[in-house]
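Enquirer: Input: one structure, supplied below.
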Amino acid sequence: YKVSSSLNKNNYLNMHHSPKIKVLAFDIFGTVVDWHSSIIQEVERLALNINANQFALDWRAGYRPAIDQVLSGQQPWTSIDDIHRLILDELLAKYQISTLTEAQKMDLNFIWHRLNPWPDTVAALNQLKQDYIICTLSNGNIRLLGDLAKYAKLPWDTIFSAENFNAYKPSPQTYLGVADLLNVAPRQVMMVATHQDDLAAARGCGLRTAYIERPFEYGAAQLKDSSPCIDNNLHATDLLNLVSLLKEKA
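Each residue of the sequence shown is one higher than the one before, counting from 1163 in the numbering used here.
Written out as C-alpha cells, the structure reads:
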C-alpha cells in the first residue's frame, strides 16, 4: 500500500508497526556473485601472463569513475557492457596485451555475464523467494543480469537494472523505481548489499537496508572492512545468515 499524503511522514516512520517487508532488492557484483575470483580464473585460462589479481582489481576500479561521468551528465547514457569494454581496451593497452582477437576480447568482456555466485548465494535466494519478492537492483544491464541469472542459477522473481530507469545507483530513480514498479511503499523494500554507500543511498529514499559481509570481495590479499553501520536494519555474515535474521524479525 502507499502512504497517505495526509499522514505526517515522521509519524508514519515512527509508528510501532512498520509495514511488512515485501521486496528484497539485491546488489549483484560483490554481494551475490564473486567477480574478483571469476575474473582471475578467466585471465589465467587465457594465459595472458600478467598479474591476474591486479588486472581484476583495475578492471573493477575503472567502473565507478565511468558511471560518475554518466551520472554527472558528462557522458551520455552508456550500458555497463560498453563501460566494461572501454575499461578493458584501456587495460589491454596498459598491460601490453596484443595477442587477443576481437572475438576473444568480446568473450573476455562477457566474463561479467558468467560470474560465479558466492557459496551461500543460491540456497539463500531459494529460501528467501518463498517469503519475499526477490529482485536485482544492479547497475549491470538487463542482458548481463539475465545471462548471469541463467549461468549462476539465480532464481529472481524479476530483474531490475539501471537500464530500466536510465539512471545508475545511487540515483534515487533506481531505488524508488523498484518500489513504484512493484507497487509497494519504499519502506516495504529492503536493499541488500555489501556496499555501505549503496545502502546509505537506499535509506535516503526510505528503503530498509541489510548489509552483507563479503570480506573477500577484493580477494584474500585485500580484505574488506565489514564493520557494522548502526543505520542499517540488519547486518548479516552472509545471505544464509540474512535468512535467519529475517525469520527472527518476522
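Just so it is clear, CB atoms sit at the ideal spot from N, CA and C, and this is done for glycine as well.
Source: prediction; values computed, not measured.
Secondary structure at PHE1322, three-state DSSP: helix, strand or coil?
Expert: Start at 1 with the first residue of the sequence shown, and residue 1322 comes out as number 160. Three-state DSSP puts PHE1322 in a strand.
Enquirer: What first and last residue would you give for the beta strand (DSSP E) that runs through ARG1370?
Expert: As a first step, residue 1370 must be located in the sequence shown, where it is residue number 208. Start and end: 1370-1374.
Enquirer: Using a Cβ-Cβ cut-off of 6 Å (strictly less than) and excluding sequence neighbours within five positions of ALA1363, which residues of its own chain qualify?
Expert: Indexing the sequence shown from 1 puts residue 1363 at position 201. Once the five neighbours on either side are set aside, the close Cβ partners of ALA1363 are PRO1332.
Enquirer: Could you check if CYS1391 is buried or exposed, using at least 16 other CB atoms within 10 Å of its CB as the buried criterion?
Expert: Working through the sequence shown from its first residue, we reach residue 1391 at position 229. With fewer than 16 other Cβ atoms within 10 Å, it is exposed.
Enquirer: Span of the alpha helix (DSSP H) holding ILE1242?
Expert: Translated into positions along the sequence shown, residue 1242 becomes position 80. Run containing ILE1242: 1242-1256, per the alpha helix (DSSP H) assignment.
Enquirer: Closest to GLU1267 by CA distance: which of TYR1337, SER1234, LEU1250 is it?
Expert: Translated into positions along the sequence shown, residue 1267 becomes position 105. Sequence check: residue 1267 is Lys here, not Glu. Ranking the options by Cα distance to LYS1267, first place goes to LEU1250.
Enquirer: Taking the alpha-carbon positions, what's the ASN1283 to LEU1401 distance?
Expert: Locating residue 1283 in the sequence shown gives position 121, counting from the first residue. Locating residue 1401 in the sequence shown gives position 239, counting from the first residue. Inspection of the sequence shows that residue 1283 is occupied by Thr rather than by Asn. When rounded, the distance between both Cα atoms is 6 Å.
Enquirer: Tell me the rounded alpha-carbon separation between ASP1196 and PRO1279.
Expert: Within the sequence shown, residue 1196 is the residue found at index 34, counting from 1. Within the sequence shown, residue 1279 is the residue found at index 117, counting from 1. Approximately 6 Å between the Cα atoms of the pair.
Enquirer: Buried or exposed for GLN1350, please, with buried defined as at least 16 other CB atoms from any protein chain shown within 10 angstroms of its CB.
Expert: One-based indexing of the sequence shown puts residue 1350 at position 188. GLN1350 is buried by the Cβ-count criterion.
Enquirer: Please report the distance separating the alpha-carbon of ASP1230 from that of PRO1334.
Expert: Here residue 1230 refers to the residue found at position 68 when the sequence shown is read from its first residue. Here residue 1334 refers to the residue found at position 172 when the sequence shown is read from its first residue. Looking at the two C-alpha atoms, the distance is approximately 14 Å.
Enquirer: What residues are listed by DSSP as bridge partners for ILE1295?
Expert: In the sequence shown, the residue the question calls residue 1295 occupies position 133. Its beta-bridge partners are VAL1185.
Enquirer: Are the region 1252-1266 and the region 1284-1302 in contact at 8 Å, needing three or more beta carbon pairs?
Expert: no
Enquirer: Taking the beta carbon of THR1263 as the centre, do at least 16 other beta carbons fall within 10 Å, making it buried, or is it exposed?
Expert: Looking up residue 1263 in the sequence shown gives position 101. It counts as exposed.
Enquirer: Could you pull the start and end residues of the alpha helix (DSSP H) that LEU1413 belongs to?
Expert: Here the chain comprises residues numbered 1163 to 1412, so residue 1413 is not present and cannot be evaluated.
Enquirer: If you count every other CB in all the chains shown that lies within 10 Å of the CB of ASP1360, and 16 or more means buried, which is it?
Expert: Within the sequence shown, numbered from 1, the residue matching residue 1360 stands at position 198. Buried, since its Cβ has 16 or more Cβ neighbours within 10 Å.
Enquirer: Can you tell me which of ILE1212, TYR1313, TRP1318 puts its alpha carbon nearest to the alpha carbon of ALA1286?
Expert: Walking along the sequence shown from the start, residue 1286 turns up at place 124. With distances taken between Cα atoms, ALA1286 lies closest to TRP1318.
Enquirer: Grouping DSSP H, G and I as helix and E and B as strand, with all else coil, what is ASN1394?
Expert: Here residue 1394 corresponds to residue number 232 of the sequence shown, with the count starting at 1. Coil at ASN1394, not helix or strand.
Enquirer: Tell me the DSSP bridge mates of SER1300?
Expert: Counting from 1 along the sequence shown, the entry for residue 1300 is found at position 138. Bridge partners of SER1300: SER1323.
Enquirer: If you check the beta carbons only, do LEU1344 and VAL1185 fall under 8 Å apart?
Expert: Along the sequence shown, one-based indexing puts residue 1344 at 182. Along the sequence shown, one-based indexing puts residue 1185 at 23. Yes. Within cutoff.
Enquirer: Which residue's Cα is closest to the Cα of LEU1369: TYR1380, ASN1326, GLY1339?
Expert: Here residue 1369 refers to the residue found at position 207 of the sequence shown. Here the closest residue by C-alpha is GLY1339.
Enquirer: Just the Cα atoms here: how many angstroms apart are LEU1219 and GLU1325?
Expert: As a position in the sequence shown, residue 1219 is number 57, starting the count at 1. As a position in the sequence shown, residue 1325 is number 163, starting the count at 1. Each residue's alpha carbon lies about 24 Å from the other.
Enquirer: Within 8 Å (strictly less), CB to CB, does ARG1370 reach chain D?
Expert: The chain inventory of the structure shown lacks chain D, comprising one protein chain alone.
Enquirer: Less than 8 Å between the C-beta atoms of LEU1299 and PHE1188, yes or no?
Expert: Within the sequence shown, numbered from 1, the residue matching residue 1299 stands at position 137. Within the sequence shown, numbered from 1, the residue matching residue 1188 stands at position 26. Note that the C-beta distance between LEU1299 and PHE1188 is below 8 Å.
Enquirer: May I ask you to report which of helix, strand or coil DSSP gives ALA1285?
Expert: In the sequence shown, residue 1285 corresponds to position 123, counting from 1. The DSSP-derived three-state label of ALA1285 is helix.
Enquirer: Which stretch, first to last residue, makes up the beta strand (DSSP E) that contains ALA1355?
Expert: Here residue 1355 corresponds to residue number 193 of the sequence shown, with the count starting at 1. Element bounds for ALA1355: 1351-1355.
Enquirer: Using CA atoms only, rank isn't needed, just tell me which of HIS1275, GLY1224, GLU1204 is closest to ILE1190.
Expert: Your numbering for residue 1190 matches position 28 in the sequence shown. Cα-wise, what sits closest to ILE1190 is HIS1275.
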